[in-house]
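Position one of the sequence shown corresponds to residue 1267 (the working numbering), numbered consecutively onward. Below you'll find the structure, written out as C-alpha coordinates, and then a few comments.
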Amino acid sequence: MHIGVTGGIGSGKSIVCKLFACLDIPVYDADTRAKWLTNNDPEIRRAVIQLLGEESYTLDGEYNRPYVSSLVFKNPELLKKLNGIIHPAVGKDTDTWLENHTNFPYVIKEAAIMNKARENNNLDFVIVVTAPVELRLSRIRNRDKNRSEAEIRSIIERQISDEERDAIADFKVDNGENAALIPQVLELHKLFLEKNGKQI
1267 MHIGVTGGIG
1277 SGKSIVCKLF
1287 ACLDIPVYDA
1297 DTRAKWLTNN
1307 DPEIRRAVIQ
1317 LLGEESYTLD
1327 GEYNRPYVSS
1337 LVFKNPELLK
1347 KLNGIIHPAV
1357 GKDTDTWLEN
1367 HTNFPYVIKE
1377 AAIMNKAREN
1387 NNLDFVIVVT
1397 APVELRLSRI
1407 RNRDKNRSEA
1417 EIRSIIERQI
1427 SDEERDAIAD
1437 FKVDNGENAA
1447 LIPQVLELHK
1457 LFLEKNGKQI
(Lines of atoms letter the chains of each structure in order from A and count residues from 1; the text may use other names and numbers.)
(Lines give C-alpha, C1' and ligand atoms only; values in the text may rest on other atoms or scores of the structure.)
Protein backbone atom coordinates (compact mmCIF):
# COMPACT_ATOMS: atom_id res chain seq x y z
CA MET A 1 0.00 0.00 0.00
CA HIS A 2 1.03 3.55 -0.73
CA ILE A 3 0.02 6.09 1.95
CA GLY A 4 0.23 9.84 1.43
CA VAL A 5 0.98 12.23 4.30
CA THR A 6 0.33 15.94 3.85
CA GLY A 7 -0.44 19.07 5.84
CA GLY A 8 0.14 22.80 5.86
CA ILE A 9 3.52 24.34 6.62
CA GLY A 10 4.27 23.94 10.33
CA SER A 11 1.61 21.25 10.85
CA GLY A 12 4.23 18.63 11.71
CA LYS A 13 3.87 16.21 8.79
CA SER A 14 7.63 15.55 8.86
CA ILE A 15 7.47 14.55 12.55
CA VAL A 16 4.61 12.18 11.78
CA CYS A 17 6.66 10.64 8.96
CA LYS A 18 9.65 10.23 11.27
CA LEU A 19 7.44 8.24 13.64
CA PHE A 20 6.42 5.94 10.78
CA ALA A 21 10.12 5.61 9.88
CA CYS A 22 10.80 4.51 13.49
CA LEU A 23 8.37 1.64 12.80
CA ASP A 24 10.59 0.58 9.83
CA ILE A 25 8.20 2.01 7.24
CA PRO A 26 10.03 3.61 4.29
CA VAL A 27 9.25 7.30 3.71
CA TYR A 28 9.62 9.15 0.40
CA ASP A 29 9.98 12.88 1.06
CA ALA A 30 8.73 14.41 -2.20
CA ASP A 31 9.73 17.98 -1.34
CA THR A 32 13.31 17.05 -0.41
CA ARG A 33 13.64 14.89 -3.52
CA ALA A 34 12.25 17.72 -5.66
CA LYS A 35 14.97 20.01 -4.31
CA TRP A 36 17.64 17.39 -4.98
CA LEU A 37 16.40 16.74 -8.51
CA THR A 38 16.18 20.46 -9.28
CA ASN A 39 19.84 20.79 -8.31
CA ASN A 40 21.12 17.58 -9.90
CA ASP A 41 18.98 16.58 -12.88
CA PRO A 42 20.50 18.16 -16.03
CA GLU A 43 17.19 18.02 -17.93
CA ILE A 44 15.39 19.95 -15.18
CA ARG A 45 18.25 22.45 -15.03
CA ARG A 46 18.07 23.10 -18.78
CA ALA A 47 14.29 23.48 -18.75
CA VAL A 48 14.30 25.83 -15.71
CA ILE A 49 17.00 28.04 -17.24
CA GLN A 50 15.08 28.14 -20.52
CA LEU A 51 11.93 29.19 -18.62
CA LEU A 52 13.37 31.60 -16.04
CA GLY A 53 16.87 32.52 -17.23
CA GLU A 54 20.48 31.86 -16.19
CA GLU A 55 19.94 33.49 -12.78
CA SER A 56 17.78 30.50 -11.81
CA TYR A 57 21.06 28.88 -10.71
CA THR A 58 23.90 30.51 -8.80
CA LEU A 59 27.50 30.66 -10.02
CA ASP A 60 28.12 27.62 -7.79
CA GLY A 61 25.47 25.71 -9.71
CA GLU A 62 22.90 25.71 -6.91
CA TYR A 63 19.20 26.30 -7.57
CA ASN A 64 18.55 29.99 -6.82
CA ARG A 65 15.36 29.53 -4.78
CA PRO A 66 14.94 33.17 -3.64
CA TYR A 67 15.27 34.42 -7.22
CA VAL A 68 12.88 31.81 -8.62
CA SER A 69 10.36 32.43 -5.82
CA SER A 70 10.41 36.16 -6.52
CA LEU A 71 9.37 35.43 -10.10
CA VAL A 72 6.83 32.64 -9.82
CA PHE A 73 4.84 33.55 -6.72
CA LYS A 74 3.59 36.75 -8.33
CA ASN A 75 2.94 34.98 -11.64
CA PRO A 76 0.62 31.93 -11.38
CA GLU A 77 1.13 31.01 -15.04
CA LEU A 78 4.91 30.91 -14.58
CA LEU A 79 4.51 28.83 -11.42
CA LYS A 80 2.32 26.39 -13.33
CA LYS A 81 5.01 26.03 -16.02
CA LEU A 82 7.73 25.51 -13.39
CA ASN A 83 5.62 22.84 -11.67
CA GLY A 84 5.13 21.27 -15.10
CA ILE A 85 8.90 20.77 -15.27
CA ILE A 86 9.52 19.53 -11.73
CA HIS A 87 6.40 17.50 -10.84
CA PRO A 88 6.69 14.92 -13.66
CA ALA A 89 10.35 14.34 -12.73
CA VAL A 90 9.36 13.77 -9.09
CA GLY A 91 6.62 11.39 -10.30
CA LYS A 92 9.16 9.27 -12.19
CA ASP A 93 11.51 9.35 -9.21
CA THR A 94 8.66 8.20 -6.94
CA ASP A 95 7.84 5.28 -9.27
CA THR A 96 11.49 4.13 -9.23
CA TRP A 97 11.58 4.40 -5.44
CA LEU A 98 8.34 2.40 -5.12
CA GLU A 99 9.77 -0.38 -7.31
CA ASN A 100 12.68 -0.66 -4.87
CA HIS A 101 10.42 -0.92 -1.80
CA THR A 102 7.86 -3.55 -2.79
CA ASN A 103 8.87 -5.89 0.05
CA PHE A 104 7.31 -3.66 2.74
CA PRO A 105 3.65 -3.91 3.87
CA TYR A 106 3.17 -0.23 3.06
CA VAL A 107 5.19 2.89 2.30
CA ILE A 108 4.70 6.59 3.02
CA LYS A 109 4.92 9.52 0.62
CA GLU A 110 5.28 12.91 2.30
CA ALA A 111 4.37 15.97 0.23
CA ALA A 112 3.03 19.48 0.75
CA ILE A 113 0.82 19.22 -2.36
CA MET A 114 -1.34 16.13 -2.76
CA ASN A 115 -4.50 14.99 -4.51
CA LYS A 116 -7.14 12.75 -3.00
CA ALA A 117 -6.15 9.05 -3.02
CA ARG A 118 -6.55 7.42 -6.45
CA GLU A 119 -7.07 10.83 -8.07
CA ASN A 120 -4.29 10.98 -10.68
CA ASN A 121 -1.95 9.20 -8.27
CA ASN A 122 -1.19 5.73 -6.94
CA LEU A 123 -2.08 6.53 -3.31
CA ASP A 124 -4.36 4.15 -1.43
CA PHE A 125 -5.03 6.51 1.48
CA VAL A 126 -4.16 10.08 2.48
CA ILE A 127 -3.33 11.20 6.02
CA VAL A 128 -3.72 14.92 6.73
CA VAL A 129 -1.75 16.32 9.68
CA THR A 130 -3.54 19.23 11.36
CA ALA A 131 -2.66 21.97 13.84
CA PRO A 132 -4.10 25.44 14.59
CA VAL A 133 -2.72 28.21 12.38
CA GLU A 134 -1.29 30.25 15.27
CA LEU A 135 0.59 27.20 16.58
CA ARG A 136 1.92 26.47 13.10
CA LEU A 137 3.05 30.10 12.81
CA SER A 138 4.88 29.86 16.14
CA ARG A 139 6.62 26.62 15.12
CA ILE A 140 7.83 28.07 11.83
CA ARG A 141 9.14 31.24 13.49
CA ASN A 142 11.11 29.12 15.97
CA ARG A 143 12.42 26.92 13.16
CA ASP A 144 13.12 29.54 10.49
CA LYS A 145 14.60 32.53 12.29
CA ASN A 146 15.15 34.45 9.04
CA ARG A 147 11.45 34.45 8.06
CA SER A 148 9.18 37.28 9.16
CA GLU A 149 5.65 36.68 10.44
CA ALA A 150 4.26 38.42 7.34
CA GLU A 151 6.26 36.10 5.06
CA ILE A 152 5.06 33.00 6.92
CA ARG A 153 1.43 34.16 6.80
CA SER A 154 1.84 34.77 3.08
CA ILE A 155 3.05 31.18 2.59
CA ILE A 156 0.12 29.83 4.62
CA GLU A 157 -2.35 31.90 2.60
CA ARG A 158 -0.91 30.59 -0.69
CA GLN A 159 -1.34 26.99 0.40
CA ILE A 160 -4.70 25.24 0.14
CA SER A 161 -7.13 25.82 3.00
CA ASP A 162 -7.76 23.46 5.93
CA GLU A 163 -11.20 22.76 4.46
CA GLU A 164 -9.65 21.70 1.14
CA ARG A 165 -7.23 19.40 2.99
CA ASP A 166 -10.10 17.91 4.98
CA ALA A 167 -11.77 17.03 1.67
CA ILE A 168 -8.85 14.79 0.62
CA ALA A 169 -8.28 13.18 4.05
CA ASP A 170 -8.96 9.50 4.59
CA PHE A 171 -7.40 9.88 8.04
CA LYS A 172 -6.43 12.90 10.15
CA VAL A 173 -3.65 13.22 12.72
CA ASP A 174 -4.09 15.96 15.30
CA ASN A 175 -0.77 17.66 16.06
CA GLY A 176 -2.16 20.41 18.25
CA GLU A 177 -0.49 21.56 21.44
CA ASN A 178 -2.09 18.93 23.70
CA ALA A 179 -2.28 16.09 21.18
CA ALA A 180 -0.35 12.83 21.63
CA LEU A 181 1.15 11.91 18.27
CA ILE A 182 2.62 8.48 19.00
CA PRO A 183 -0.69 6.72 19.86
CA GLN A 184 -2.31 8.15 16.71
CA VAL A 185 0.54 6.91 14.49
CA LEU A 186 0.58 3.49 16.19
CA GLU A 187 -3.17 3.16 15.61
CA LEU A 188 -2.76 3.96 11.91
CA HIS A 189 0.21 1.60 11.63
CA LYS A 190 -1.87 -1.21 13.12
CA LEU A 191 -4.75 -0.41 10.75
CA PHE A 192 -2.54 -0.40 7.64
CA LEU A 193 -0.93 -3.70 8.62
CA GLU A 194 -4.37 -5.25 9.14
CA LYS A 195 -5.55 -3.98 5.75
CA ASN A 196 -2.51 -5.66 4.25
CA GLY A 197 -3.12 -8.93 6.11
CA LYS A 198 -0.24 -8.38 8.56
CA GLN A 199 -0.18 -8.22 12.34
CA ILE A 200 2.02 -6.33 14.81
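Positions of the beta carbon are idealized from the N, C-alpha and C atoms, including for glycine.
Short of 7 Å in beta carbon distance, which residues of its chain neighbour V1392, apart from the five on each side in sequence? Order them along the chain. Residue 1392 sits at position 126 when you count from the first residue of the sequence shown. Excluding residues within five positions, the ones whose Cβ falls inside 7 Å are G1270, T1272, M1380, K1382, A1383, I1434, A1435 and D1436.
Under 8 Å: do the segment 1445-1456 and the segment 1398-1414 share three or more Cβ pairs, one atom per stretch? no
Please state whether the Cβ-Cβ distance between N1330 and S1322 is less than 7 Å. On the sequence shown, residue 1330 is found 64 positions in, with the first residue counted as 1. On the sequence shown, residue 1322 is found 56 positions in, with the first residue counted as 1. It is a contact, given that the beta carbons lie within the stated cut-off.
Buried or exposed by the 16-neighbour rule on C-beta atoms within 10 Å, applied to N1441: Here the question's residue 1441 lines up with position 175 in the sequence shown. It is buried - the Cβ of N1441 has at least 16 other Cβ atoms within 10 Å.
Hey, is the segment 1416-1434 in contact with the segment 1287-1303, meaning 3+ C-beta pairs nearer than 8 Å? no
Short of 6 Å in beta carbon distance, which residues of its chain neighbour L1389, apart from the five on each side in sequence? Order them along the chain. Working through the sequence shown from its first residue, we reach residue 1389 at position 123. Cβ within range, chain order: H1268, G1270 and A1383.
Mind checking E1376: buried by the 16 CB within 10 Å criterion, or exposed? Along the sequence shown, read from residue 1 onward, the residue named residue 1376 stands at position 110. Label assigned to E1376: buried.
Under the DSSP definition of a beta bridge, which residues are partnered with T1396? The sequence position of residue 1396 within the sequence shown is 130, counting from 1. According to DSSP, which records beta bridges pairwise, T1396 is partnered with D1440.
Run of the beta strand (DSSP E) containing G1270, from where it starts to where it stops: The residue labelled residue 1270 in the question sits at position 4 within the sequence shown. Its beta strand (DSSP E) spans residues H1268 to T1272.
Where G1401 and F1286 are concerned, what is the direct C-alpha to C-alpha distance, given to the nearest angstrom? Here residue 1401 refers to the residue found at position 135 when the sequence shown is read from its first residue. Here residue 1286 refers to the residue found at position 20 when the sequence shown is read from its first residue. Here residue 1401 is Leu; the residue named in the question, Gly, does not match the sequence. When rounded, the distance between both Cα atoms is 23 Å.
Would V1356 and S1277 be called neighbours here (beta carbons separated by less than 7 Å)? Position 90 of the sequence shown holds residue 1356. Position 11 of the sequence shown holds residue 1277. Remark: C-beta atoms of V1356 and S1277 do not approach each other more closely than 7 Å.
I think L1348 touches L1317, with their Cβ atoms under 8 Å apart; what is that distance to the nearest whole Å? Numbered from 1 along the sequence shown, position 82 holds the residue referred to as residue 1348. Numbered from 1 along the sequence shown, position 51 holds the residue referred to as residue 1317. Rounded to whole angstroms, the Cβ separation of L1348 and L1317 is 6 Å, and the two are in contact under 8 Å.
To which residues of the same chain is Q1425 closer than 6 Å at the C-beta, ignoring the five residues directly before and after it? Along the sequence shown, read from residue 1 onward, the residue named residue 1425 stands at position 159. For Q1425, where only same-chain residues beyond five positions count, the Cβ hits under 6 Å are G1274.
Just grab the DSSP bridge partners of Y1210 for me. Summary: the structure shown does not reach residue 1210, with the chain confined to residues 1267 through 1466, and so no result is reported for it.
Going by DSSP, what residue range makes up the beta strand (DSSP E) through I1422? By 1-based counting over the sequence shown, the position of residue 1422 is 156. First-last for I1422: E1415 to R1424, but that is the alpha helix (DSSP H), not the beta strand (DSSP E).
Check whether V1282 and V1399 have beta carbons under 7 Å apart: For the purposes of this step, residue 1282 is taken as the residue at position 16 of the sequence shown. For the purposes of this step, residue 1399 is taken as the residue at position 133 of the sequence shown. When the beta-carbon positions are compared, V1282 and V1399 stay at least 7 Å from each other.
Would you list the one or two residues that DSSP bridges to F1391? Residue 1391 sits at position 125 when you count from the first residue of the sequence shown. Paired residues: I1269.
Between the beta-carbon of I1374 and the beta-carbon of V1293, is there less than 7 Å? Locating residue 1374 in the sequence shown gives position 108, counting from the first residue. Locating residue 1293 in the sequence shown gives position 27, counting from the first residue. Yes. Within cutoff.
Please determine, among V1334, G1463, I1448 and E1309, the residue with the shortest C-alpha to C-alpha distance to R1289. Reading the sequence shown from its first residue, position 23 is the one you call residue 1289. At residue 1289 the sequence reads Leu, which differs from the Arg that was named. The shortest C-alpha separation from L1289 is found at I1448.
Measure from the alpha carbon of T1298 to the alpha carbon of each residue in D1359, L1403, V1334 and S1404, then state which is nearest. Here residue 1298 is taken as the residue at index 32 of the sequence shown, counted from 1. Among D1359, L1403, V1334 and S1404, the Cα nearest to that of T1298 is on D1359.
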